[in-house]
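>
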Amino acid sequence: MAFVNSILLLNQLNQVVVIASGYNTCDYIYDSSSDASQLGPENGKMPSLYSNLLQKLEDFMIKDEKLGKDQSQRAIKSSLLSGSMSMALCYIQRVFRSGPFHPQPRILCLQGSPDGPEQYVAVMNAIFSAQRSMVPIDSCYVGAHNSAFLQQASYITGGVYVKPQHLDGLFQYLTTVFATDLHSRSFIQLPRPAGVDFRASCFCHKTTIDMGYICSVCLSIFCNHHKKCSTCGSVFGQAQSDTSSASDLKRKAPET
Amino acid sequence: MANNIAEKRRQQEEDDEEEDGDLDGWGERNYADERSWEALQEDESGLLRPLDNKAMYHAQYRRRLRSLSTASNSQRIQKGLIRFLYIVLDLSRAASVMDFRPSRMAVVAKNVEAFIREFFDQNPLSQIALVIIKDGVAYSLTDLGGSPESHVKALMAKLECSGDSSLQNALELVHEYLDQIPSYGNREVLILYSALTTCDPGDIMETIQKCKKSKMRCSVIGLSAEMFICKHLCQETGGLYSVALDESHFKELIMEHAPPPPAIAEFAIANLIKMGFPQRAAEGSISICSCHKECKVGEGYICPRCKARVCELPTECRICGLTLVSSPHLARSYHHLFPITPFDEVTPSRQNEPHRRSQKTCFGCQQGLVNPGNKPSLHVTCPKCKQYFCLDCDIYIHESLHNCPGCESLRAS
Chain A
1 MAFVNSILLL NQLNQVVVIA SGYNTCDYIY DSSSDASQLG PENGKMPSLY SNLLQKLEDF
61 MIKDEKLGKD QSQRAIKSSL LSGSMSMALC YIQRVFRSGP FHPQPRILCL QGSPDGPEQY
121 VAVMNAIFSA QRSMVPIDSC YVGAHNSAFL QQASYITGGV YVKPQHLDGL FQYLTTVFAT
181 DLHSRSFIQL PRPAGVDFRA SCFCHKTTID MGYICSVCLS IFCNHHKKCS TCGSVFGQAQ
241 SDTSSASDLK RKAPET
Chain B
1 MANNIAEKRR QQEEDDEEED GDLDGWGERN YADERSWEAL QEDESGLLRP LDNKAMYHAQ
61 YRRRLRSLST ASNSQRIQKG LIRFLYIVLD LSRAASVMDF RPSRMAVVAK NVEAFIREFF
121 DQNPLSQIAL VIIKDGVAYS LTDLGGSPES HVKALMAKLE CSGDSSLQNA LELVHEYLDQ
181 IPSYGNREVL ILYSALTTCD PGDIMETIQK CKKSKMRCSV IGLSAEMFIC KHLCQETGGL
241 YSVALDESHF KELIMEHAPP PPAIAEFAIA NLIKMGFPQR AAEGSISICS CHKECKVGEG
301 YICPRCKARV CELPTECRIC GLTLVSSPHL ARSYHHLFPI TPFDEVTPSR QNEPHRRSQK
361 TCFGCQQGLV NPGNKPSLHV TCPKCKQYFC LDCDIYIHES LHNCPGCESL RAS
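Chains A and B, in that order, are what the protein sequence lines are. Residue 4 in full-length UniProt numbering sits at position 4 of the first sequence; the count goes up by one each step and never skips. Residue 381 in full-length UniProt numbering sits at position 381 of the second sequence; the count goes up by one each step and never skips.
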């Protein structure tokens, strides 16, 4: 909260938009440029925009839980990173269209849950689109191990990836690393990227490999020579007579 | 309508150029590109109507999308993702004609540079080479390579035109090179032809049959007029033939060749290609890089097979010939394999249905979908997740993002 306020204070033209991504939905929580955030009753000591934000956050959590109640327990609970990144990018495109005096947009992802492998393609699409529009994606990961998606996102788009060691000092991490605007970043010493591992993992054993074989039709990766591709069903060394079926092309694992 | 205006404009320009031989003709030339009064429209009572550019642009975009996706969305069409493309530039006398400003050659060079960057953005595993035709002979300007900078630099250094153009010589040269590449690659040729004649040493029909037998897909973009021989070449080899009407049309036509084309069934042989995924060299390690033959510190990649150092990816290791890529390069091509469904337009009649969720803002960018006066503006909806999007988000999602935010925000069960 204090972080959002501090960004808004830095420059009159600054805008902040908060998007929450839960297990089942994503939604816009707060938009500093919309007029609706000015209204709302004064809630004791907190000014109206804070209470609005907290209230919306609570509503969002309730809605998210309700949607998830009738589904079975999953092994990995991951949040919908791809959905919220796509929404953020659409909003940024709208900012670009709004005229010549817009501030330079960037995305900050604060994530605690692990990566969901089924989102790999969608997350990579969002990352490449951000790279094309020159929007850096910063990430602050507060979960257990490292998030490969966020590391790759920050590396490819030129953002900063931080995994804070002490969660009590989260506000300090946020203000010192992420509050500066893009122009000043060249003068400030930011945390250096620790070397992102871009090796792929093979589809049969899910181990990371140095050298592998790639199917020329569907680009799936195998560690040793096969006769038939397991994703698209094409037989190697023969001409294809019909197109691949739609159901075979689902991916099951990310390549980290 | 825009095409008619462009055609009228071109005829007018050619007339002007013939008349103003001795005079500089700068009076006519200044107005030639800016006949903005022709673009105005009148309504029934004769009053000027403001141009609704947005709806026109969107209609054009949707037409293009529909023509591209009519076949490909009913079944997944196999696309040639690993492409080896030869770009043939015609630098004969005809390329110095000034009907494209400043000259055909300059326009072609500028658009080819933009095309090369876009091509490598969409096809990171592919390679391009440049060939120029000058004085009736074809020269190879650059070899097949995956780095856009080297091609652009070579192209900009050598922009002079003279002599005749020869289609057969170019095809023979390209055929010689493309015959050597392995069978999993998609062999393509893009010819940018400005001349109206071709000066051939032999029988060009034989050359065309040779190209067809080697499975080369030749496409031509003409800059002057339609020629039978180009049309025949494209029909025989399965490529696209189009003629550019003006600079912006030319840019559109050349960018159409950037996304991967559908692979022809009999030609497409699936193969397993051996590739390496190099790791970054350790910080502070000193070694001689194999591409520039210079000593470099840190910051490179090490080939997993022969341990040579390379500076950038994707590339082919110079020592052992292994193709080196990283997983984001493969990921760039995934949106060709998993395309998103085009959105449906929401017509005013459907908006009054009772079960329509009252959604006043676009799901992607939160922009209001209601015009002042409470009349809903044009918007579209995703057939899968039923969310509403504004026109700009529709264009952005389908051209750049390739993810529907609504579908991504739902947990797929």
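Idealized CB from N, CA, C, for every residue including glycine. All values derive from a computational prediction rather than experimental measurement.
For the segment 325-350 of chain B, enumerate the residues whose C-beta is nearer than 7 Å to any C-beta of chain A, in chain order.
The segment 325-350 of chain B vs chain A, Cβ under 7 Å: Ser326, Ser327, Pro328, Leu330, Ala331, Arg332, Ser333, Tyr334, His335, Leu337, Phe338.
> The alpha helix (DSSP H) spanning B:Leu130 covers which residue range?
B:Leu130 -> not in any alpha helix (DSSP H); beta strand (DSSP E) instead, spanning 127-134.
> Let me see if you follow: with CB-CB separation under 8 Å, is B:Ile256 close to chain A or not?
Reading off the sequence, residue 256 of chain B comes out as Glu, not Ile. Answer no: the Cβ-Cβ gap between B:Glu256 and chain A never drops below 8 Å.
> Output the boundary residues of the beta strand (DSSP E) element that contains B:Phe100.
From DSSP, B:Phe100 is part of no beta strand (DSSP E); its letter is neither H nor E.
> Closer than 6 Å by C-beta to A:Met85: which residues in its own chain qualify, once you throw out the five before and the five after it? Chain order, please.
Closer than 6 Å at Cβ, skipping near neighbours: Ala126.
> Can you give me the start and stop residues for the alpha helix (DSSP H) that A:Phe128 sits inside?
Segment 120-132, the alpha helix (DSSP H) holding A:Phe128.
> For A:Ala148, tell me which candidate among A:Gln189, A:Gly233, A:Phe96, A:Thr208 has the shortest Cα-Cα distance.
Among A:Gln189, A:Gly233, A:Phe96, A:Thr208, the Cα nearest to that of A:Ala148 is on A:Thr208.
> Check the Cβ of B:Asn403 against every Cβ in chain A and list those closer than 7 Å, keeping chain order.
Ordered by position in chain A, the residues that pass the 7 Å Cβ test against B:Asn403 are Ser82, Ser86, Ala122, Asn125, Ala126.
> Rounding to the nearest angstrom, what Cα-Cα distance links B:Pro328 and A:Thr157 in this structure?
Rounded to the nearest angstrom, the two C-alpha atoms are 12 Å apart.
> In whole angstroms, what separates the C-alpha of A:Phe178 from that of B:Ile319?
Their Cα atoms are separated by approximately 43 Å.
> Work out the CA separation of B:Gly136 and B:Phe363 for me, nearest whole Å.
Rounded to whole angstroms, B:Phe363 to B:Gly136 spans 57 Å at the Cα level.
> With 8 Å as the threshold, decide whether the Cβ of A:Ser216 is near any Cβ in chain B.
With 8 Å as the cut-off, A:Ser216 counts as an interface residue toward chain B.
> Between B:Ala195, B:Asn169, B:Ile181, B:Ile208, which has its C-alpha nearest B:Phe84's C-alpha?
Closest option to B:Phe84, Cα to Cα, is B:Ile181.
> Note the first and the last residue of the continuous alpha helix (DSSP H) segment covering B:Glu172.
It spans 167-178 - the alpha helix (DSSP H) in which B:Glu172 sits, taken as one unbroken run.
> List the residues of chain B that A:Ala144 touches, going by C-beta distances under 7 Å, in chain order.
In chain order: nothing, as chain B lies at least about 22 Å away.
> Since I believe B:Arg332 is in contact with B:Pro124 (beta carbons under 8 Å), could you give me their beta-carbon distance rounded to a whole number of angstroms?
With 8 Å as the limit, B:Pro124 and B:Arg332 qualify as a contact, their Cβ atoms being about 5 Å apart.
> B:Glu188 lies in the beta strand (DSSP E); which residues open and close that run?
Per DSSP, B:Glu188 belongs to the beta strand (DSSP E) from 186-193.
> Is the segment 296-315 of chain B close to the segment 94-113 of chain B, with three or more CB pairs under 8 Å?
Not touching, per the Cβ criterion.
> Look at A:Ser82 and A:Val135 and say whether their C-beta atoms are less than 8 Å apart.
In this structure, A:Val135 does not lie closer than 8 Å to A:Ser82 by Cβ.
> Rounded to the nearest angstrom, what separates B:Glu118 and A:Leu167 at their Cα positions?
C-alpha separation (whole angstroms): 43 Å.
> So A:Ser139 packs on A:Leu150, CB below 8 Å; how close in whole Å?
Confirmed, Cβ separation roughly 4 Å.
> Does any residue of chain B have a CB that is nearer than 8 Å to the CB of A:Phe236?
By this cut-off, A:Phe236 is an interface position.
> Which residues in the same chain as B:Glu294 place their Cβ atom closer than 8 Å to its Cβ, once the five residues preceding and following it in sequence are excluded?
Around B:Glu294: Ile288.
> So, are the CB atoms of B:Arg93 and B:Cys199 less than 8 Å apart?
No; because the gap between Cβ atoms is not below 8 Å, this pair is not in contact.
> Against A:Ile209, what residues of chain B qualify as contacts under a CB-to-CB distance less than 8 Å, listed in chain order?
Here the neighbours are Phe277.
> With B:His379 as the anchor, note down where its beta strand (DSSP E) starts and where it stops.
From DSSP, the beta strand (DSSP E) with B:His379 extends over 379-381.
> Starting from B:Cys390, trace the alpha helix (DSSP H) in both directions and tell me its first and last residue.
B:Cys390 -> not in any alpha helix (DSSP H); beta strand (DSSP E) instead, spanning 388-390.
> If you run the structure through DSSP and keep just helix, strand and coil, what is B:Leu81?
B:Leu81: coil per DSSP, three-state reduction.
> Identify every residue that forms a DSSP beta bridge with B:Ser140.
B:Val131.
> With DSSP collapsed to three states, give me the class of B:Cys385.
Coil at B:Cys385, not helix or strand.
> Do you know how far the Cα of A:Tyr213 is from the Cα of B:Asn403?
Each residue's alpha carbon lies about 28 Å from the other.
> Which first and last residues belong to the beta strand (DSSP E) in which A:Met211 is found?
Note, A:Met211: beta strand (DSSP E), 211-215.
> Taking A:Arg185 as the query, report the chain B residues whose CB atoms sit under 8 Å from its CB, ordered along the chain.
Residues of chain B passing the Cβ test: none, with the nearest at roughly 20 Å.
> Give me the Cα-Cα distance between B:Pro342 and A:Arg185, rounded to the nearest whole angstrom.
Roughly 39 Å separates the two Cα atoms.
> Tell whether a beta-carbon distance below 8 Å holds between B:Tyr193 and B:Gly222.
Yes, Cβ-Cβ distance for B:Tyr193 and B:Gly222 is below 8 Å.
> Use the C-beta contact count for B:His257: other C-beta atoms within 10 angstroms, 16 or more gives buried, fewer gives exposed.
Label assigned to B:His257: buried.
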